[in-house]
Amino acid sequence: KSISVFAPATVANVACGFDIFGFAVANPGDQITLTASDQPGVRITDIIGDEGRLPREAERNTAGIAIQTYLQHIGRTDVGVDAVLHKQMPLGSGLGSSAASAVAGVFAINEMLGRPLPTVELLPFAMEGERLACGSAHADNVAPSLLGGFVVVRSYSPLDVIRIETPAALYCTLVHPDIEVNTKDARFILKNEVSLKNTIIQMGNVAGLIAGLMKPDYGLISRSLVDVIIEPVRAILIPEFNEAKHAALDNGALGCSISGSGPSMFALSRDADTAQQVGAAMQQAFLSVGITSEAYVSEI
Ligand code: HSE
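No gaps in the numbering here: position 177 of the sequence shown is 227 in our numbering, and each next residue is one more.
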């Protein structure tokens, strides 16, 4: 018995919502194929597309650990599975690569066993994959990868995630410059203290973005896609960040910021043509300093 599952890439933070906002895109993403085995335990038998860089031991692999913690939780350590992971997106890209693998793994094993848990209850196991990958069990990639759409993590303890309606027409441009940023490093450089002034600005934008998405109100979405806390610190990790951001805004994007911990950048647009143009302009900004990139456009 075999099952294949695809889990999509995600844009975490969405400018103002560090660790609490994320949305799924149509592509890229990761695929996992699980095959039932008589031998109990989880084995990663092959990983395609990682150039040999990811750990093959199940307990050191984000998908492997997610499946293992799930099986322990439901009391089925008698189950045996062989997993083949097909990485279809770059590592260290800010596209939620570790999250997509963990989500694909835990979703696949739950389906294989006849769905003992509802989808939303798979979240804590996918989060274990994130803890392994970057030292923090943040949910802003795994929750949208698992549930689809735009997701708010209202609380981590207890875990409380909410799916938010988005406008019928909303497009995401993702540009991944061919450089790597390690999420652990990108979290380490953040300041632990935030001024009251910046907290007030950020809270206004968090509330404005959710209201703008739900009304919907593109002007409000655009004014709210601002991050005064995290982006100013992390932008230094991305060469030509300001140029690429201005290229997006000059070409009609509603807003533009870092995707997750970077180096990928995302922009939101009202229509597909604008989203394509925005992508080309951002790629041009990176290319002006010799950095090649990939661009993806998805409807949200
Ligand atoms: N919210 C996380 C961060 C996402 O920005 O560190 C990492 O992909």
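In this text, a Cβ means the ideal position worked out from N, Cα and C, and glycines have one as well.
Note that the coordinates shown come from a computational prediction; the quantities given were computed from them, not determined experimentally.
Extent of the continuous beta strand (DSSP E) to which residue i belongs
| i | result |
| --- | --- |
| A59 | S52 to A62 |
| P78 | F71 to S87 |
| I212 | L209 to I214 |
| P29 | Outside the displayed range of the chain (51 to 350) lies residue 29, so it cannot be described from this structure. |
| F200 | F200 to Y206 |
| I279 | Note, I279: premise wrong, no beta strand (DSSP E); not H, not E. |
| A345 | S343 to E349 |
| A133 | G130 to H136 |
8 Å contact criterion, which residue i and residue j should meet: CB distance rounded
| i | j | result |
| --- | --- | --- |
| L304 | R320 | 7 Å |
| A193 | V55 | With 8 Å as the limit, A193 and V55 do not qualify as a contact, their Cβ atoms being about 17 Å apart. |
| F291 | A297 | Rounded, the Cβ-Cβ distance is 11 Å, inconsistent with contact. |
| N242 | V276 | The pair is not a contact, with the Cβ atoms about 22 Å apart (cut-off 8 Å). |
| V202 | I98 | So it is not a contact: roughly 34 Å between Cβ atoms. |
| E178 | I115 | 5 Å |
| S195 | A149 | 5 Å |
| P313 | L287 | 7 Å |
| A294 | M332 | 5 Å |
Candidates the options, of which the one nearest residue i by Cα
| i | options | result |
| --- | --- | --- |
| Y221 | N63, V75, D128 and G114 | V75 |
| A152 | A133, V244 and G102 | A133 |
| N191 | A59, N77, Q138 and Q252 | A59 |
| D100 | M139, L84, T324 and L259 | M139 |
| G67 | I98, G102, A176 and H188 | H188 |
| G302 | S309, L173 and A322 | A322 |
| Y346 | Q118, F316 and A176 | F316 |
| R166 | S207, L141, A176 and H123 | Reading off the sequence, residue 166 comes out as Pro, not Arg. Closest by alpha carbon: H123. |
| L263 | A330, L318 and K247 | L318 |
| Q118 | F175, T85 and K137 | F175 |
| L259 | K137, S274, I250 and D267 | S274 |
| Q326 | S52, L141 and S348 | S348 |
| L121 | L163, L104 and G199 | L163 |
Where the alpha helix (DSSP H) through residue i begins and ends
| i | result |
| --- | --- |
| M253 | L246 to M264 |
| L121 | T112 to H123 |
| P174 | L173 to C184 |
| V153 | S147 to M162 |
| M332 | A322 to L337 |
| A236 | T233 to F238 |
| D300 | F291 to D300 |
| S274 | Y268 to S274 |
* **Sufficient close CB pairs (3 or more, under 8 Å) joining the region 339-349 to the region 230-245** => no
* Asked: Counting Cβ pairs, one atom from each stretch, are 3 or more of them under 8 Å apart for the region 224-234 and the region 142-159?
  -> yes
* Say whether the region 200-215 touches the region 85-95, bearing in mind that this needs 3 or more beta-carbon pairs closer than 8 Å, one atom from each stretch. => no
* Spell out a yes or no on whether the region 157-165 and the region 119-137 are touching, meaning 3 or more CB-CB pairs, one atom from each, closer than 8 Å. => yes
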